[in-house]
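J.:
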Amino acid sequence: MFGAVERLAWATAELAARGIPLHPGPDSPAGLVEAARRHELDVLILDSYELDPAGAGALRAAGVFTLAVIDGDSRGQDADLYLDQNFGAQAPALPGQLLAGSGYALLRDSVVAARPAAPRPATAVSRPRVLAFFGGTDAVGAAPVLTRVLLATGHPMDLTVIVGRPEIETELEEITPGRGQILRPVPPTGSLPTLITAADLVVSAAGTSTWELCCLGAPAALVCVVDNQRESYARVVRHGVAAGLGELPELTGAGVAGRAARATAARTLHGLLNSPQRRTALAARAWSTVDGRGRARVVDAVLDAVRPATD
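In our numbering, the protein residues as written are 1217 to 1527.
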C-alpha cells in the first residue's frame, strides 16, 4: 500500500495484521511510475481525490495495468479499468471499461462474514439501540451535530457514538441526554460490523460505509457530509435504501434555515425510532442492494484483463 495513514491507529493495526507494508505515497506521475518499477508491479489501483490525474496515463504508458476508483467524475484519469461502486452509477464516456454499481462494492472480511442470511425483521423496543459513526476521524465533525439531532427527538434510546478524534469526544461530553436516553462514546473499533448488526438504527455519513450497512441489512439514516457524496446520497434515499437526513452544512446552519433542517431530520429519526415496520422495510431494501461479492467481481475483472499479458 502506498499512502499515509494519519491519526488512525486502528487502520495501521489492520494493515499490520494482514502483513501489508505501508510505503510513502508518490505524489507525481513520475513518482508513481518509479514506485511501480521499483516494486515490479503488474497492477496499481489509484484511489485518491488529490493525485495528479495524469498518473494513470503515465502508469499505462509504462506497462502497468491501472484501475482507478472514482465517484462519478474520473478527473480525467486515463486508466485501463474504472470502478464506481456507488448505487446506480452510470457509465460515462471513458477510455477504459467501467465497473459500475453497488454490485462491485469493496467490502472487508469482517463485513462479509457478518452478513445475515436474510434481512432481519425489526422488533418493537421501548429503547432502541442506535449507532452513529462518520468515518475514521470524522474530519467534518458530524458526530456532535447528529448526536444533538438524535437526542432532540425526545425518544428513549441507547446511543453509541464512534469517536474519531479527542476534540469530538470533548464536544460530546458537553451534551446532556434527556430522560430515557443513554449516550455512550466509544473509540474506533475493528468490531464495527458487530455493533452495526446489534443496532436497531444506524446513523452515518453517505460514504463508502453505506455499502457495509447495506450488506449487513442495517436500517440506516444517512447524512451527506461532503460534496462528492451528494449524487450517491440522493440515489440511495430516492430508492428507499436508506432514510435521508439532509446535508451537513444545512444541519449546522444558523437561523431559521438551520433550525428547520435540524427539526426535519429529528422528525425523520423519530419516525424511524417509533416504527419497526419502517426500519424493516429499509433493512430489506438495503440487504438486497449489496450481496458482499463485489470485491471478487473486481478482482476477476482485473485478472481477466491482465492474464493475456502475463501468461
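Glycine is no exception: its CB is placed at the ideal position from the N, C-alpha and C atoms.
Assuming contact is defined by CB atoms lying nearer than 8 Å, are residue 1406 and residue 1222 in contact in what I supplied?
T.: No, the Cβ-Cβ distance between residue 1406 and residue 1222 is not below 8 Å.
J.: What are the start and end residues of each continuous beta strand (DSSP E) run of 3 or more residues lying completely inside the region 1394-1422, in chain order?
T.: Qualifying beta strand (DSSP E) stretches, in chain order: 1397-1402 and 1417-1421.
J.: State the beta-bridge partners of residue 1387 as determined by DSSP.
T.: In DSSP, residue 1387 forms no bridge with anything.
J.: Per DSSP, which one or two residues make a beta bridge with residue 1348?
T.: According to DSSP, residue 1348 bridges with 1377 and 1419.
J.: Should the region 1330-1342 be regarded as contacting the region 1497-1512, the criterion being three or more beta carbon pairs within less than 8 Å?
T.: Counting Cβ pairs under 8 Å, three or more are found: they touch.
J.: Going by CA-CA distance only, name the one from 1317, 1353 and 1328 that's closest to residue 1226.
T.: Nearest C-alpha to residue 1226: 1353.
J.: From the DSSP output, which residues share a beta bridge with residue 1298?
T.: According to DSSP, residue 1298 bridges with 1284 and 1314.
J.: With DSSP as the reference, identify every bridge partner of residue 1531, one or two as the case may be.
T.: The question about residue 1531 has no answer, for the chain in this structure spans 1217 to 1527.
J.: Rounded to whole angstroms, what's the CA-CA distance from residue 1374 to residue 1462? Just pull it up for me.
T.: Straight-line Cα distance between these residues: approximately 23 Å.
J.: In the DSSP assignment, the alpha helix (DSSP H) including residue 1500 goes from what residue to what residue?
T.: Looking at the DSSP string, the run of the alpha helix (DSSP H) that includes residue 1500 is 1492-1505.
J.: For a test of the three-state rule: what should DSSP assign to residue 1222, helix, strand or coil?
T.: Reduced to three states, the DSSP call for residue 1222 is coil.
J.: Can you tell me which of 1477, 1302, 1264 and 1468 puts its alpha carbon nearest to the alpha carbon of residue 1452?
T.: Of 1477, 1302, 1264 and 1468, the residue nearest in Cα terms is 1302.
J.: Any contact of the region 1474-1484 with the region 1282-1297, i.e. 3+ C-beta pairs under 8 Å?
T.: In short, these stretches do not touch, since the Cβ pair count stays below three.
J.: Quick one: any contact between the region 1297-1317 and the region 1391-1407, if contact means 3 or more CB pairs under 8 Å?
T.: The region 1297-1317 vs the region 1391-1407: no contact.
J.: Between the Cα of residue 1369 and those of 1482, 1493 and 1218, spot the shortest distance and give me the residue it belongs to.
T.: Ranking the options by Cα distance to residue 1369, first place goes to 1482.
J.: Assess, as a yes-or-no matter, whether the region 1340-1350 is touched by the region 1358-1367 under the definition of 3 or more beta carbon pairs within less than 8 Å.
T.: Segments in contact, yes.
J.: Report the partner residues of residue 1239 according to the DSSP bridge assignment.
T.: According to DSSP, which records beta bridges pairwise, residue 1239 is partnered with 1218.
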